[in-house]
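Undergrad: Could you have a look at this structure, given as structure tokens, before my questions?
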Amino acid sequence: MTGTEDPGRLLLLDSASMYFRAFFGMPEYAAPDGTNVNAVRGMLDYISRLTEQYRSTDLVCCWDDDWRPQWRVDLIPSYKAHRVVEEVASAPDVEEVPDPLEVQVPILREVLEAFGICVIGAPGYEADDVIGTLATGAGQPVDVVTGDRDLFQLVDDGAAGGAVRILYIGKGVGRHEQVTEQWVRDKYAIEAGQYADFATMRGDASDGLPGVAGVGEKTAATLLQKYADLDGIVAAAADPGSGMASGPRAKINAALDYLAVAPTVVAVARDIDLDRSRTALPSTPADPERLVALVEQWGLETPTNRLLGVLAG
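The sequence shown lines up with residues 358 to 670 when you count with the numbering used here.
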């Protein structure tokens, strides 16, 4: 690519984070056969809104092929354990998902495929890991849409090819926040590059990560300001002459077993072997006849027409 060519803008969607929000945040909408398709309609509307707002040229719906990878569970057995409804020996465990949402997920996949919108997952990895890999070395500006704070670790204003920022939908897609390096500094008093270590110490009950007992956000930030990273903090806790206060020192030393494995669990993968060749947004549907049939079957006329208009430019 020459220096005069526009690299475009890549939009990476944390798909499950978004369709869960659509399901719980949108009114129920019955398809002709009575099936509730509110999450499908909501997801299509989200794609239309964000693609139009950020003038995205490329988009990937990043998928949880394995929402609870065994390699993470092996390191921290409590990881997402509270969400498991059935353990499966030879496949990913079954996650607790409301039945009316569970039936919509395959419908959404079919509709996205008929549009020709890129969906990427990876065996043994979560959508977060797919996002981390696609955002790293993308060679173009990247916007990541998620309600998961752990992905703040990807924020990079100076990434080659264009900044990586998070469009954080914790308050809803319509009220999302643009997370940049300055946003992270203002919110947490740390650098974005320190966020994974910060999250490791703080813990996250929603993911079954215990954190360091007695260390909250303020203490974690203070330690990172002084010692730069977890390795520096652990080294200081072990060094009587480091000047670390006795309280944090005792808490860090009591959590050494956890701190030895948790950073690997918290860090998103950035090096999965993924096909990046299909990310361009289509201007017309990949399978128009299939799309028409799905629209009629599931009553998706309004969100489909809107998205078709956005894609056509």
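Cβ coordinates follow ideal geometry from the N, Cα and C atoms, glycine included.
#1: Please list, in chain order, all residues of the same chain as Ala585 whose beta carbon is under 8 angstroms from its beta carbon, the five residues on each side excluded.
#2: Please report how far the alpha carbon of Val397 lies from the alpha carbon of Val622, in whole angstroms.
#3: For Asp507 and Asp485, which I take to be in contact (beta-carbon distance under 8 angstroms), what is that distance rounded to the nearest angstrom?
#4: Roughly how many whole angstroms lie between the Cα atoms of Ser413 and Val530?
#5: Return the chain-ordered ranges of every alpha helix (DSSP H) run that is complete within the region 605 to 642 and spans a minimum of 4 residues.
#6: When the Cβ atoms of the region 405 to 423 are set against those of the region 467 to 484, are three or more pairs found closer than 8 angstroms?
#7: Here's the rule: buried if 16 or more other CB atoms are within 10 angstroms of the residue's CB, otherwise exposed. What is Lys437?
#8: What does the alpha-carbon distance come out to for the pair His439 and Leu613?
#9: Would you list the residues sitting across from Ala387 in a DSSP beta bridge?
#10: Which full runs of the alpha helix (DSSP H) of 4+ residues lie inside the region 480 to 530, going along the chain?
#11: With DSSP as the reference, label Leu367 as helix, strand or coil.
#12: Can you give me the C-alpha to C-alpha distance between Leu458 and Asp371, rounded to a whole angstrom?
#13: Give the straight-line distance between the Cα atoms of Glu534 and Ala520, rounded to the nearest whole angstrom.
#14: Around the Cβ of Val649, are there at least 16 other Cβ atoms within 10 angstroms (buried) or fewer (exposed)?
#15: Under 7 angstroms Cβ to Cβ from Phe555, same chain only, skipping five residues before and after it: list those, please.
#16: Return the CA-CA distance between Gly565 and Asp505, expressed in angstroms with no decimal places.
#17: Please identify the residue among Gly600, Gly527, Asp513 and Thr493 whose C-alpha is closest to the C-alpha of Ala626.
#18: Considering only the alpha carbon of each residue, which of Ser640, Glu574 and Gly598 lies closest to Val667?
#19: Grouping DSSP H, G and I as helix and E and B as strand, with all else coil, what is Glu548?
#20: Which ranges does the alpha helix (DSSP H) cover as unbroken runs of at least 4 residues, wholly within the region 449 to 483, from first to last along the chain?
TA: In short, the structure shows the following:
#1: On the sequence shown, position 228 is the one that residue 585 refers to. Correct list, in chain order: Gln551.
#2: By one-based count along the sequence shown, residue 397 stands at place 40. By one-based count along the sequence shown, residue 622 stands at place 265. Using only the alpha carbons, I get a separation of about 31 angstroms.
#3: Along the sequence shown, read from residue 1 onward, the residue named residue 507 stands at position 150. Along the sequence shown, read from residue 1 onward, the residue named residue 485 stands at position 128. 7 angstroms between Cβ atoms; contact.
#4: The sequence position of residue 413 within the sequence shown is 56, counting from 1. The sequence position of residue 530 within the sequence shown is 173, counting from 1. The alpha-carbon atoms of Ser413 and Val530 are separated by roughly 16 angstroms.
#5: 613 to 623
#6: Three or more Cβ pairs closer than 8 angstroms define a contact, and the region 405 to 423 meets that threshold against the region 467 to 484.
#7: Sequence index remark: in the sequence shown, residue 437 carries index 80 (1-based). Under this definition Lys437 is a buried residue.
#8: Start at 1 with the first residue of the sequence shown, and residue 439 comes out as number 82. Start at 1 with the first residue of the sequence shown, and residue 613 comes out as number 256. Near 24 angstroms, if we compare the C-alpha coordinates of Leu613 and His439.
#9: By one-based count along the sequence shown, residue 387 stands at place 30. Asn393.
#10: 484 to 492
#11: By one-based count along the sequence shown, residue 367 stands at place 10. In the structure shown, Leu367 sits in a strand (DSSP, three-state: E or B).
#12: Sequence index remark: in the sequence shown, residue 458 carries index 101 (1-based). Sequence index remark: in the sequence shown, residue 371 carries index 14 (1-based). Whole-angstrom Cα-Cα distance: 16 angstroms.
#13: Within the sequence shown, numbered from 1, the residue matching residue 534 stands at position 177. Within the sequence shown, numbered from 1, the residue matching residue 520 stands at position 163. So the alpha carbons of these two residues sit roughly 15 angstroms apart.
#14: What you label residue 649 is simply residue 292 of the sequence shown in a count that begins at 1. Looking at its Cβ environment, which holds fewer than 16 other Cβ atoms inside 10 Å, Val649 is exposed.
#15: Taking the first residue of the sequence shown as position 1, residue 555 is located at position 198. The answer, listed in chain order, is Tyr545, Ile547, Ala577, Ala578 and Leu581.
#16: The residue given as residue 565 occupies position 208 in the sequence shown. The residue given as residue 505 occupies position 148 in the sequence shown. Answer to the nearest angstrom: the Cα atoms are 14 angstroms apart.
#17: Stepping through the sequence shown from its first residue, residue 626 is reached at position 269. Answer by Cα proximity: Thr493.
#18: Translated into the one-based positions of the sequence shown, residue 667 becomes position 310. Of all alpha-carbon atoms in Ser640, Glu574 and Gly598, the one lying nearest the alpha-carbon of Val667 is that of Ser640.
#19: Looking up residue 548 in the sequence shown gives position 191. Three-state result, Glu548: coil.
#20: Those alpha helix (DSSP H) runs which fall completely within the region 449 to 483 and span 4+ residues are 456 to 459 and 461 to 472.
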